[in-house]
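Notes follow the structure.
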Amino acid sequence: MKQQQFFKLIFILVAVFSVLLACDNDDDSNEKNRSPYFDISTIYFSETDILGIQQDSMKVEIKTNSYWEVTKGENSEWLSITPNKGTGDNVVRVLSKPNAVISERSSWVYFTAYQLKDSIKVTQKGKDLALSQSEFDNVAAEENKLLFNVESNKDWKAVVDDSSTWLSLNNLEGEKGMTAMELTVSINEDIEVRKDSILFITKDNNPDSRVWLKVTQIGSVIPDPSIVIESDAANVSAETGKFDLKFLSNIDWEISSETPEVTFSSSEGTSSEVSQTVTITYPENTNSEAKSIDLVLKGKAPNDGLQKTFQITQSGVVAAGIMVKESTIEIDGKNQVFTIEVTSSNVGWKAVSKDSRFVITENASGAATSTPVLISVNTSDNKTLNSLSGTIEIQKEDDANVKTEVFIKQGLHPMNDETLVYSDPAKTAAQLTLDRGVAHPSQENWKFWNAHEFTSNSTGFWNFDTKLSMTHAKFNDDMRVIDNGTLKLKTRKLAAPTTNKYGDPAEYETAALYSKRHDQGGVKWVKFTTNMRVEVRYKNSGKQGFNEAVWFMGQSNYDAQKIPWPTCGEIDLTEAPFKNEAHFALHTENFSASTNNAEAASVKIADETKWNIYWVEILEDRIIGGINGHQYFEHVRGEGGNNDWPWDNPAGMMLIITPGIGGWTGVMPNMSAGEEAVMELDWIRVYTNSNFNESSQLGHDGKFY
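Using mature numbering (1 follows the signal peptide of the UniProt record, and there is no 0), the letters of the sequence shown correspond one by one to residues -22 to -1, 1 to 683.
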């Protein structure tokens, strides 16, 4: 019994001790749970502890007994974190977007738990190769030159599929660094959109460096079937002859006539974007009455429902009683008096003009005679861009049906005919084989010196960003465009008025240029001086509210002489104060716009938006100016008491091109936001005579042709 009691006592003591020990352990554990702790560790999926170029991720393991939150630092839009908050232990996924640039990028990620903080720096590898533009969408159907850059950390190559014949690159490989590229997209003659891609990859063929350049080109728009006859109504004499019918046709065509013995140089043809000509040969009209030769120009199937008619009016056989020396007289486009010779007549007669432009001024009638009589006819200027024709009838005085017809063909006025200067004005100096010392194709005593053809750049000029030239505008160099061998100076209406750098209000953005002066760096082109002929092929925008101008100013205004305007001299080769008007002027110390007595002249032209050649000859004793084949200005030194002569100053002159917003009247252009007015120059050419001093051009040896 005593032994049982002893074991019971031992058991009770052990139980009590165990309870006390357990209580002590619980107290230690609770103490630990009540103390906050926080720890993070990163898990990368690459051995370099850096995220890959493409979409990549890493994990961050969180150990904590608290609420936690994750935030991103600056420049971290390329990272996403899931989850970004929670309680207790967890694993956070950090996901990166693909890196499209060459350089590495990094950002900090911050972890906070209670008052404990920690952070990690996440870095993503940069690409080996990148394009400044990876897609050209909706490229126009015509041929295009598209520009972009390749930036690479390694030598690279481009892979164009053999089937992609409509795409070509100026470079198919390159070295590391930045490479300027030009993609040529050929004309799409189909109506369907076409798409393709070009692969760019480093030469080590690293798949992570691959970049695709995507190109989408729209299809061509098929115009409505059209036949447009360009020839004016034809009046021909009774003799057999030929007539050239000019027309435009965007469809296949055929031509016919029901008049017997009428033949054609081509009775059918195909569509063309340029004017076509068919020569019609017609027989003699043996009757005294005039007759009509009707021509039918029609489309071929499936466009055979479209047709145009043209009529040639052939006069009757010349009345035996009235004879003239010439039945067809050709004259140029100037206002002039020409004569018709009646060689003989056995009846009384009278001359009747069938065109108001031809006015009979002398010998409008006469008696029967065997002695030749000259009929004088005054004609007005041909102010159009087409040759004109008309008829004068020599009628029997009492019977208008007995007549002899004289056909008058008037050509272009010289001021509207640039072919009087160059047979093909669109050709470049190189195409015309012009080089220093070569004689001018049409102007005697002038030899080629230099030219600016704008075939690739305008570096012979600098931006003319001055307070005066930027009136009503702010300067934007993007308004100066070299494209297809011409210089375009644009003026664009802004969406909202602003203030330019001179503090003046500006409703437009534009650009202006001047040829580099003697004191400026870089390649200098020409110093304009005496014994020079300067020609500029130029077309006006046609927009009103401008005084678009090509002009010269003396450089003595900018060198040590500091000669102010107008004493330094100004030659306005052409200004456009009014629609279809060219204005030439000289401004000097005592004769200028400021004193309202500048030496000046103006001429009306047919169409200022067409190409015209404006020219000036700066001689030792006179200044001569003109347009195309027509001179309309001349000032002789000393004439009218004007002895001002800054043109032989050794500083020479610079050439300036300005849009002249507001014009002479100050009336602003009526243009909507985004609308543009475009001045366009094809070329500038300089010729010299035998008195020219070549040493005057020292330092001005830039060649741009």
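Yeah, the Cβ is synthetic: ideal placement off N, Cα and C, and Gly gets one too.
Note that the structure is predicted; figures quoted are calculated from it, not measured.
In chain order, what residues of the same chain have a beta carbon less than 7 angstroms from the beta carbon of residue i, not counting five sequence neighbours either side?
i      : result
Asn108 : It should be noted that the sequence gives Ala, not Asn, for residue 108. Counting only Cβ-Cβ distances below 7 angstroms, and skipping sequence neighbours, we find Ala78, Val79, Ile80, Glu129, Val189.
Ser493 : Gly438, Phe439, Trp503, Val504, Met632, Leu633
Leu191 : Leu109, Ser112, Ser175, Ile176, Phe178
Asn341 : Val351, Leu352, Ile353, Ser354
Trp529 : Glu548, Ile549, Asp550, Leu551, Ile634
Gln498 : Trp440
Given residue i, which residues of its chain have a CB within under 6 angstroms of its CB, disregarding the five upstream and five downstream residues?
i      : result
Lys224 : Glu208, Ser209, Ser253, Thr255
Ser668 : none
Leu412 : Phe426
Ile21  : Lys37
Glu672 : none
Leu491 : Phe439, Phe442, Ile635
Determine the direct distance from the alpha carbon of residue j to that of residue i, and round the result to whole angstroms.
i           : j      : result
Thr508      : Met301 : 55 angstroms
Val512      : His678 : 16 angstroms
Glu396      : Asp377 : 45 angstroms
Ser534      : Pro475 : 36 angstroms
Phe682      : Lys123 : 22 angstroms
Thr317      : Thr349 : 15 angstroms
Val581      : Leu177 : 58 angstroms
Thr545      : Ser570 : 9 angstroms
His450      : Thr636 : 13 angstroms
Leu29       : Asp96  : 20 angstroms
Gly463      : Ile307 : 40 angstroms
Gly616      : Glu577 : 12 angstroms
Ile602      : Phe670 : 16 angstroms
Lys387      : Leu366 : 6 angstroms
Val48       : Gln32  : 23 angstroms
Glu262      : Thr218 : 4 angstroms
residue 756 : Asp585 : Residue 756 lies beyond the range of the chain shown here (-22 to 683); nothing can be said about it.
Ala417      : Trp625 : 24 angstroms
Asn116      : Ile196 : 6 angstroms
residue 693 : Leu465 : The question about residue 693 has no answer here: the residues shown for the chain are numbered -22 through 683.
Phe114      : Thr194 : 6 angstroms
Leu145      : Ala489 : 34 angstroms
Trp543      : Tyr536 : 11 angstroms
His613      : Asn575 : 13 angstroms
Glu654      : Pro483 : 19 angstroms
Ile460      : Trp623 : 36 angstroms
Strictly by DSSP, which residues pair up with residue i?
i           : result
Phe453      : Thr488
Ala579      : Phe562
Val501      : Paired residue(s): none; Val501 is not in a bridge.
Trp46       : Gly64, Ala91
Leu467      : Arg458, Met657
Tyr683      : BP columns for Tyr683 are empty, so no partner.
Trp86       : Lys99
Met156      : Glu129
Asn428      : Val664
Trp593      : Glu513, Gly604
residue 748 : Residue 748 is absent from the structure shown; the chain starts at -22 and stops at 683.
Ser74       : Asp34, Leu57
Val252      : Answer is none; Val252 lacks a bridge partner.
Trp440      : Tyr492
Leaving out five residues on either side along the sequence, give the residues of the same chain with a beta carbon under 8 angstroms from the beta carbon of residue i.
i      : result
Leu446 : none
Glu121 : Thr162, Val163, Ser164, Ile165
Phe506 : Ser493, Val512, Phe530, Ile596, Gly630, Met631, Met632, Leu633, Val664
Trp56  : Ser74, Lys75, Asn77, Arg83, Ser85, Gln102
Check this for me: beta carbons of residue i and residue j, under 8 angstroms apart or not?
i      : j      : result
Ala554 : Asn518 : yes
Glu526 : Met657 : yes
Ile205 : Gly277 : yes
Val664 : Met510 : yes
Lys63  : Trp46  : yes
Lys381 : Val325 : no
Ser234 : Val274 : yes
Asp133 : Lys154 : yes
Ala473 : Ala651 : yes
Thr237 : Thr259 : no
Tyr592 : Tyr516 : yes
Asn228 : Pro185 : no
Leu147 : Val138 : yes
Consider the C-beta atom of residue i and the heavy atoms of the ligand HEM; say whether any pair is separated by less than 7 angstroms.
i      : result
Asn148 : Absent from the structure shown: the ligand HEM. Ligands present: none.
For a cutoff of 8 angstroms on Cβ pairs, would you count residue i as touching chain B?
i      : result
Glu246 : No chain B is present in this structure, which holds just one protein chain.
**Item:** Minimum length 3: unbroken beta strand (DSSP E) runs contained in the stretch 174 to 248
**Value:** 189 to 195, 205 to 207, 212 to 214, 219 to 227, 231 to 234
**Request:** Quick one: which unbroken beta strand (DSSP E) runs of 3-plus residues sit fully inside the stretch 601 to 681? Chain order, please.
**Result:** 608 to 614, 631 to 636, 654 to 666
**Message:** Give the list of continuous beta strand (DSSP E) stretches no shorter than 3 residues that lie fully inside the stretch 376 to 435.
**Reply:** 377 to 388, 425 to 430
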